[in-house]
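In this note's numbering, the protein residues as written are 106 to 278.
Backbone N, C-alpha and C define an ideal beta-carbon position, used for all residues, glycine too.
Here the structure is a predicted model, which means the values were calculated and not measured.
Data block below; observations after.
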Amino acid sequence: MNVVKGVDMALEISTKLFSYRSLIILVLFILLLILIPIASSIGLYRVTFLDVVRVSLGHKLPEDEYIALWLRMRRTFVGIIVGALLAGGGVVSQAVFKNPLASPFTLGISHAAALGVAVSLTIGYGGRFYTWFTAISNPYILPFSAFIFASIQSILVLFLAYRAGLSPYALVL
106 MNVVKGVDMA LEISTKLFSY RSLIILVLFI LLLILIPIAS SIGLYRVTFL DVVRVSLGHK
166 LPEDEYIALW LRMRRTFVGI IVGALLAGGG VVSQAVFKNP LASPFTLGIS HAAALGVAVS
226 LTIGYGGRFY TWFTAISNPY ILPFSAFIFA SIQSILVLFL AYRAGLSPYA LVL
């Protein structure tokens, strides 16, 4: 009988916690929807909050304001997408290492990415390939080298932890 009561209490607490988290997510989403026009109205060219709302609702504005506004809205949406992707990356790293303390900084992954950029710049591939007849510009060389070095560091950390028999909690420490 006591076990059934304990299960019922745990289920009730879990249900309350789920509804509380759902409410927090809903409030944060509404706050995000309010902050999008505010973030889009900030910049060198003066565009008011109401102009942002008007353009969002489909009304036309003068060409300068329209261009400035759509450039800002793109910047705002890219910021939202990048923030969501970074949060997702953090969740993935915590799930892979089975440790809520795991982060790119404590595991050395961000430092390995910085080393990749430094190595790429040092050997002369800072966005350009030089051949005997021309220079080929490629803006993706630095992010690619950062990604490769960060991936190598992640694999190295997992391999060393596996070889040493470390638990996921001892891995970060």
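Residue i burial status per 10 Å Cβ neighbour count (16 or more: buried)
i: Ser200; result: First, the residue type needs correcting, since residue 200 is Ala and not Ser in the sequence shown. Exposed: under 16 other Cβ atoms inside 10 Å.
i: Ser250; result: buried
i: Ala207; result: buried
i: Val132; result: exposed
i: Ser225; result: buried
i: Phe210; result: exposed
i: Phe202; result: buried
i: Val158; result: exposed
i: Thr227; result: exposed
i: Val160; result: buried
i: Thr181; result: buried
Length of the line joining the Cα atoms of residue i and residue j
i: Phe123; j: Gly193; result: 20 Å
i: Thr153; j: Lys165; result: 14 Å
i: Val197; j: Ile186; result: 16 Å
i: Tyr267; j: Leu261; result: 10 Å
i: Glu117; j: Phe134; result: 26 Å
i: Arg151; j: Tyr171; result: 11 Å
i: Gly195; j: Ala275; result: 18 Å
i: Leu162; j: Leu155; result: 10 Å
i: Leu220; j: Leu247; result: 11 Å
i: Tyr245; j: Tyr125; result: 43 Å
i: Ser127; j: Arg179; result: 28 Å
>> Between the stretch 253-260 and the stretch 214-230, can you find at least three pairs of beta-carbon atoms closer than 8 Å?
In response: yes
> Which full runs of the alpha helix (DSSP H) of 4+ residues lie inside the stretch 159-208, going along the chain?
Replying inline: 168-201
>> Measuring CB atoms only, is the stretch 131-149 touching the stretch 175-184, in the sense that at least three cross pairs come out at less than 8 Å?
In response: yes
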